[in-house]
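When we follow our numbering, the leftmost residue of the sequence shown carries the number 328, and every step to the right adds one.
Before any comments, here is the structure.
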Amino acid sequence: MLLIVSLCELSWLNDVSAWLDGTKLSQALTRLTTDGLRIPEIQGQIDKLEFHEESVSGASIILSLTSEIAEKFTERFKVVQSLKQAVEESYNRSHTYFGQWECCQIEYRPSNLEYDARFRQRVDVQRACVKISGTASKKRRYLDELVVSKMKQISNDFPFIKWQFFGSAEGMLTLFPAFGDKASCSGYDPRLRPWYVETAIPEPKDVVLVVDTSGSIGTNLMNITKEAAKILFSTMNPRDRIGVVSFGTVASTPGKFGKNCFSERLADATPLNLRYLEGYLESLKAQGVTNYAKAFSAAFRLLKNSYDGPDSTRKLMIFFLTDGLPSDDKANIMRTIKESNAELHNKVVIMTYGMLFAKKILLDIANQDGTSYGVDKTQNAMAGNFTSIDDTTNLRNTMGKYYDFFFKSGASYRPIISVPYIDAFGTGLLTTVALPVYHENKFIGVVGTDVSMEDIQYQINYLQRGQASYAFMANSFGRAMLHPLLPAPLGAFEDPIFIDIADLEPEPQFRDIVKSIMRGGDGNKTFVSKQFLARGGKVAEGVRVVELYSTYYWKSIPETSFTVGIVVPVGDSEGTLVNQTISPAAKFVYHRLDLVKLGEPCVHFTRYASKDAVVKFSAEAFTDPYNYLGSSETASTVAAYQKFLKQTNARNPGFKLGIRDTVRATRMVEDIWIQGSEGYMRYLVRQYIGTKNGVFLLRPGTLLAKSFDPTKRPWYNSAISNKGLITLTTPFMDADGAGPVISVVHSLYFGKRNNTNDHVFGVTGADIPLSYFTRLLRDGYPECKSGNHTCFLLDAAGFLILYDDFLFPNASAKTVEYVHITEKDKDLAEDLINRRFMKRKKCRDLRKLKLELFYEFQLPSQGANTLFNGKRCRRYQLSQLDGSNIILGIKLRERNCPTKPCTCSGDGMCSRKTELTCQCPCSSELSYDHCRNAFLSNRFPLCPPSRGILSTENVTDLPTTGLPKCFNPRCVTYPDWESCVGVAGCYWCVRDKRSKPLTTKYCADRSVCYGGMEVSVVDSIDYPKKNHNKTNDDRKGLPKGAIAGIVVGCLFLFISIIGCVIFYHKYCHYYAIGDSPDVQLEPSAPPCDKLFS
């Protein structure tokens, strides 16, 4: 009997193995892209275009790039020289003790605040305002109106200039233009900002903070001490190095969880390290006696282990904070200091602070004079300062003015360029060009103006020459300032990331280039180097590594500490369209629909729209990207664009060479779209094309964010990573209200069709409802309709494109976007990993400083099939679809095989358990020297950073009330689920507003029924699903001869088998892909797997 049953099962499984013919879906996708998206026709038209090919000249580009960036700094140098002169003349003219309004009061004064894109907020360009520190001098001097007039003149003469300011030594900031500051009126002290301290002390500092944690200090003083330490930290910049020693009975240093270097040496004062040290300070508790000698011994040890030698210009400093007398011998303390400083050539200066405590021992330590204790005074050592902190409310002023001690009299006329920092007023990552200001040979403050790193970044990162060339910038310390692999801050107040340029260019041959950069040298060198390319829009999608024989060019920027480099693969060239014409009657609709008057506007889902396609330019399309992002567009701006694009002799409003020809060439794309098959048009949410040089065409047209760049979108990266293939992205919830959608995209080229070595022209595609692909699977593979199998689509990284619960009522962004197969099916994932069909890979994430685990499918050409010989719960078939990035899968649903995920942690960190067979994509600790900000190993490739999208001004649609739809899907004309599902804007309505099943189900517009429910808009997606309470009639039977041979043996089992089947389908049901029960199972119904356990 068992043999007969096994033969039945094996025959059935053998038949199953023929179900998954990937050709069917491949052909359906080909028809979609050919007849619906018309991609071959678009490529055919591009093949006919005339374009000019030119080799990338690294030598000429490096000269041009260096010259452009140098000019930006030279202009700022002139500005700060003018400001310095104006402030010094103001001090010579008057002693004004009143003047500008406080910035925090501007909103309540009769000012002229208007939005200005340079400052990302409303400002008054007719006046300045002041910010007064709570610890500022009561007799502070204001600048007179002639200084403000000079600031206005500078702003008019140099419209690209951002903030202009003067931070006085008295604790007041004068800022132009005025703005409505919503922060505390007294909470800002310019003397503690990086630009001020770095100008006052331009040499880098080595600092050890020594904090008393003995039992006598108590909770209150401990909190004050911690606050004093944070104030000191705020004056550090990444060129400085810092360490912390806490002491009571013993001296302790931080260093755990992979950060042991903090106990061995000083750490670069990067934001990441300062946060770690602040955390260490917060963990300290008062206990023990007060042992000074051990504290100083530990402090000098940190300095000695980081010492650069007697020729170094670094300032060596110890800040010593205590509340009481030492418990140990004073002579031993002074001897420890003297002997330790001698080892460092007596370069260490000691600043002592008594917390509500003033004793001679602290003054003697600061002076390094032990004569009172029988120890000779240290010779040739610079005496420090002792400060008794009696007023803890003035802590900020007390701790922040140590730089006055090092200030050298005499005017300095060389501008200081600060290390990049986050602007306190919301304009993002800046570097300041600053100068010290003097009055009567006395330092009175700092003048400055800002250079947005975005300004330089766009010239570096938007270098679009050839197919694989790129640029970078580093400083004289060897630190990367800009590089394609260096993650940019995600927001205006996120800390910048500091990484050595050698970590981003890990080839051994690059080390000589680093040495030259640190000397301020120029040169070029050719060798084989690696490029780390993104496989999609997320780090978890992995990295593609290519090796290219490349020439590196580098050149220093005059009068700065920066060097610019460019990497050009040998033979790289760039193609540019030429001689494109356009009919004078051709339409050109710019995306700024709030500035363009449309004849027949319409509404597309929730958006004010144009039925015609609109054109949008990314910043990369302009010769001055930052000027485009930093200035406001007006109706006259749009008119200038239109005139230039349509008239050959019109003035160029700032576009790069080739942009006009690209716009004219893409004009034919809209004509091709319009001619597309009506049978497919109803399934398209939107169509678009984005070109490599920054032109974007969108239909239907809607207003886009100014910072929108098609080349930074996940769909663009996915298409480029899958050159020449039909590429499907993972699903996402459409921002305009179309529900879950998938982008179907394809790369386009100059030159011969399908030659992926040709120059990339861009990417074209469309967004299509996720449910449409459910139709394709159900139509092509009948078994996907049954409840006995799970059908799904994957990409090469293992992320699900389609899964049976993506269309369930509770579907949301969290449940459909970037869901990995390891999060759904442990049995399947384990088997794929064990058979090496899905391989584990790792890369180094620079933003998180973690190792990222990702997966990469490597299927054999025939696919993978375990339906016939696989273990229980692991019977499946996978097929790589020809001509696409898709893997088609089907898995047999078996009893006692509940679907469960692999190990997936809530915080995204990988488990340390070695016995785990599979994990979801996750992060693990990376071998990294936090103190030096250097990788200890480059064994794993670098993860390309997620392409951040910079925010600019907000945009608002015009009202849509009363407007017709751009495209009417005519949902009511579709009589059943099969014809309704997948149509853009239509839902098969199965529930009323109270979520109860409808007696009569119908196809309705999204304004009537969203997600299958009769409501306006809800958060969840509630797609229709059908009951399949019947046996599977679609499965093919055995051949007639085989049936005759086994029918007698199977006949006596028939009654019991049919009874089991009836019982199974009465109380237990698996849903097919795209299905959902209109009425849920009764709560008393047992789980399917339990019935057979």
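Glycine included, each C-beta is placed from N, C-alpha and C at the ideal position.
- M808: member of the beta strand (DSSP E) spanning 806-809, first to last residue.
- With fewer than 16 other Cβ atoms from the protein chains shown falling within 10 Å of its own Cβ, G848 counts as exposed.
- Going by beta carbons, I826 and N1260 fall inside the 9 Å limit.
- In the three-state reduction of the DSSP assignment, S1098 falls in the helix class.
- Collapsing the DSSP output to three states places G1107 in a helix.
- K1039 carries a helical assignment under DSSP once its states are collapsed to helix, strand and coil.
- The C-beta distance from A1093 to L1011 rounds to 5 Å, short enough to meet the 8 Å contact threshold.
- Inclusion of I677 and A658 in the CB contact set at 9 Å is not warranted, their separation being larger than that value.
- Taking C-alpha positions only, T649 is separated from I688 by approximately 11 Å.
- In the DSSP secondary-structure assignment, V774 is bridged to F493, L762.
- Contact check between the stretch 1098-1113 and the stretch 837-855: fewer than three CB pairs, one atom from each, fall below 8 Å, which does not count as touching.
- In the structure shown, Q1246 adopts extended strand secondary structure according to DSSP, grouped into three states.
- The three-state reading of DSSP puts T964 in helix, counting H, G and I together.
- Q354: member of the alpha helix (DSSP H) spanning 349-358, first to last residue.
- Counting every other CB atom within 10 Å of its CB across the protein chains shown gives E398 a total below 16, marking it as exposed.
- Checking the DSSP bridge columns, you'll see K1177 partnered with D1172, E1252.
- The beta carbon of Q1014 is closer than 6 Å to those of W1000, R1026, A1093 in its chain, skipping five residues each way along the sequence.
- Shown here, L1127 sits in a strand according to DSSP, grouped into three states.
- Excluding its 5 nearest sequence neighbours in each direction, P1037 has C-beta neighbours in its own chain below 6 Å: G1017, F1023, Y1043, listed in chain order.
- In the displayed model, S1074 falls within a strand according to three-state DSSP.
- DSSP, reduced to helix, strand and coil, places K479 within a helical segment of the structure shown.
- Annotation note: the stretch 1131-1167 contains the following uninterrupted alpha helix (DSSP H) runs of length 4 or greater, listed N- to C-terminal: 1140-1143, 1153-1161.
- Inter-residue distance for Q1189 and S1206 is about 7 Å (C-alpha atoms, whole angstroms).
- In the three-state reduction of the DSSP assignment, Q1014 falls in the strand class, which pools E and B.
- Counting along the chain, no alpha helix (DSSP H) covers R1009, and no H or E run does either.
- Rounded to whole angstroms, the gap between the alpha carbons of G1003 and T1056 is 22 Å.
- Between G651 and G545, the alpha-carbon positions lie close to 11 Å from each other.
- If you look at G371, you'll find it in the alpha helix (DSSP H) that goes 366-374.
- Counting only unbroken stretches of 3 or more residues, the beta strand (DSSP E) elements lying wholly within the stretch 507-550 are 532-539, in sequence order.
- Excluding the 5 residues flanking it on each side, K1240 has same chain C-beta neighbours closer than 8 Å at T1230, in chain order.
- The three-state secondary structure of V616, taken from DSSP, is coil.
- In the structure shown, the three-state DSSP call for N668 is helix.
- With respect to V571, K621 sits apart: the two C-beta atoms are not nearer than 9 Å.
- Per DSSP, the unbroken alpha helix (DSSP H) holding M845 starts and ends at 837-846.
- Of all alpha-carbon atoms in V1317, D717, L904, Y603, the one lying nearest the alpha-carbon of L683 is that of D717.
- DSSP places S391 inside the alpha helix (DSSP H), whose first and last residues are 385-420.
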